[in-house]
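Just below is one structure, and these are the notes that go with it.
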DNA sequence: ATTTAAATTGAACCACGATTCATAAGAACT
DNA sequence: AGTTCTTATGAATCGTGGTTCAATTTAAAT
């Protein structure tokens, strides 16, 4: 009995997963507004009406996609960063993780970085739903820890978060638009370097940590 | 005769300007997709059809808005930066200018930063039209000059552009979403400080490397 | 096997809003 | 004043696509 219910649930949740997967891909490729529900239904091999058995409407579907992606991303982050003790290393690893995730999930990246940005429509409709808030807070926490541990000098952690995230965000935007010809690894190193050492200092003499 | 034609033209171009002004405001407030042509027409006090005497269609109108704003911004930049000789000062002034412009033209800022970002639709439809390209190139040029003059150490100017612009862009996004409670001046100083001195180097912290 | 319930279908509905166009108003010129 | 050309109007058109729901299939329960 329990078995049957579980099997049913997993069948249901499989279809749900199929739908969000199809939705993420399609939203990323065509943009939210250009995507028809029927596009998603076709890609997930279900009828149009079926979408409405799993999601309230098109907006809801998009939000569920965001939630899924960001939960996934946060879990991966938590998991990887736990092993590291040095707070500065944690910060740098967070950056790497963000970049890795985007490189490996181009569609998700496009959604988070481009479609999510566009949706003041959404913030206004769902006032408490500013989906990357948690993610940003996480980075801010890492910044604070690095400061408290004396690994970097005392700067405003919120500000630092903004600079780091803003730099990454814009780099990745450029990368997405460039059709991936830009080398994100090089960017990551450059960002880390400039943030770390600043713009003044040695001209082309390099030291390593 | 020439006078009459001119007067006619200026009447026409006044109406055109009224329309872009109304469009910028409305697009900024409601977002491109949520804005109806009739909204813009009403705000500009003309009939719906009149919009189509001045612009090809809704997309075209948005593009013309971008062009107008960015031209305006570039002119202001050129004008102000000519007076300055020190390349590093030029860079910092560019940042100030960008922030000032956004503070004083909230609607324009919202359009450039949020709506423009969202429109891969547009890049794909109009392949050579990535409207802030010129603006970014301008900043890159300033970075190069500051490097060549030895005012900052040798870093990749494109990368530096990305970091500066990305930081500003994201800060201003946060500012726009925060309903302007954030202090952009403070952000500007913070960004300049961190970029300038980097994250290491002790101020009043006990520990360092 | 039969009944009952759940899940799925996809054609039809319907609201919405960009765009058009026949008509009117206005301006310039003779 | 009348003619012509330009500019403006806004109601009607028309395609689009999100959403619904009666009908059908599939699965569970008795």
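Chains as they are written, first to last, in my numbering: chain A, 1 to 209; chain B, 1001 to 1209.
Backbone N, C-alpha and C fix where the C-beta goes; we use that ideal spot for every residue, glycine too.
Since the model is a prediction, treat every value here as computed from it, not as a measurement.
Using only CA atoms, which one of the options lies nearest to residue i?
i	options	result
residue 51 of chain A	A:83, A:81, A:18 and A:74	A:18
residue 67 of chain A	A:104, A:44, A:180 and A:133	A:133
residue 1087 of chain B	B:1107, B:1038, B:1101 and B:1145	B:1145
residue 1095 of chain B	B:1188, B:1149 and B:1196	B:1188
residue 1078 of chain B	B:1142, B:1166 and B:1185	B:1142
residue 105 of chain A	A:32, A:47, A:44 and A:180	A:180
residue 1061 of chain B	B:1082, B:1081 and B:1035	B:1035
residue 1130 of chain B	A:97, A:178, A:15 and A:48	A:178
residue 152 of chain A	B:1092, B:1028 and B:1194	B:1194
Would you report the Cα separation of residue i and residue j, rounded to the nearest angstrom?
i	j	result
residue 1085 of chain B	residue 85 of chain A	47 Å
residue 1024 of chain B	residue 200 of chain A	40 Å
residue 100 of chain A	residue 83 of chain A	18 Å
residue 191 of chain A	residue 1163 of chain B	7 Å
residue 1209 of chain B	residue 89 of chain A	Annotation note: pLDDT 37 at residue 1209 of chain B (below 50); position unreliable, coordinate value reported separately. C-alpha separation (whole angstroms): 14 Å.
residue 1054 of chain B	residue 1150 of chain B	49 Å
residue 169 of chain A	residue 1169 of chain B	9 Å
residue 59 of chain A	residue 1197 of chain B	44 Å
residue 1155 of chain B	residue 1148 of chain B	11 Å
residue 28 of chain A	residue 109 of chain A	8 Å
residue 173 of chain A	residue 113 of chain A	7 Å
residue 1185 of chain B	residue 1103 of chain B	10 Å
residue 13 of chain A	residue 1122 of chain B	36 Å
residue 1016 of chain B	residue 1030 of chain B	21 Å
residue 46 of chain A	residue 1165 of chain B	43 Å
residue 1117 of chain B	residue 56 of chain A	27 Å
residue 1042 of chain B	residue 42 of chain A	40 Å
Leaving aside the five residues before and after residue i along the sequence, list all residues of the same chain whose C-beta is less than 8 Å from its C-beta, in chain order.
i	result
residue 74 of chain A	134, 135 and 138
residue 38 of chain A	48
residue 76 of chain A	97 and 101
residue 1070 of chain B	1112, 1131, 1132, 1134 and 1135
By Cβ distance, which residues of its chain are closer than 6 Å to residue i, with the 5 residues on each side in sequence left out?
i	result
residue 40 of chain A	22, 23 and 26
residue 1171 of chain B	1187
residue 65 of chain A	20, 23 and 24
residue 1167 of chain B	1191
residue 950 of chain B	It is not possible to answer for residue 950 of chain B, since the shown part of chain B is limited to 1001 through 1209.
Please work out which residues of its chain come closer than 7 Å, Cβ to Cβ, to residue i, disregarding the five sequence neighbours upstream and downstream, and give them in chain order.
i	result
residue 1044 of chain B	1018, 1019 and 1022
residue 140 of chain A	157, 158 and 161
residue 32 of chain A	62 and 115
residue 1081 of chain B	1090, 1093 and 1094
residue 175 of chain A	182 and 184
residue 72 of chain A	none
residue 1126 of chain B	none
residue 1204 of chain B	With a pLDDT of 42 at residue 1204 of chain B, under the threshold of 50, the modelled position of that residue is not reliable, and the figure given next carries that caveat. So the list is empty, once near-sequence residues are dropped.
For the segment 42-59 of chain A, enumerate the residues whose C-beta is nearer than 9 Å to any C-beta of chain B, in chain order. none
So if I threshold CB-CB distances at 8 Å, which residues from the segment 1156-1171 of chain B count as touching chain A? 1156, 1159, 1160, 1162, 1163, 1165, 1166, 1167, 1168, 1169, 1170 and 1171
Could you please tell me which residues of the segment 1184-1201 of chain B, in chain order, have their CB closer than 7 Å to any CB of chain A? 1187, 1190, 1191, 1194, 1195, 1196, 1197, 1198, 1199, 1200 and 1201
Every unbroken alpha helix (DSSP H) within the segment 1143-1192 of chain B, with a cutoff of 4 residues, ordered by chain: 1157-1177
In the segment 134-153 of chain A, which residues sit with their C-beta less than 7 Å from some C-beta in chain B, listed in chain order? 150, 152 and 153
At what residue ranges does the segment 39-71 of chain A contain a whole run of the alpha helix (DSSP H), taking only runs of 4 or more? 48-54
By the 8 Å beta-carbon criterion, what residues does the segment 17-38 of chain A contribute toward chain B? 31, 33 and 34
Relative to chain B, which residues along the segment 63-92 of chain A have a C-beta separation below 7 Å, given in chain order? none
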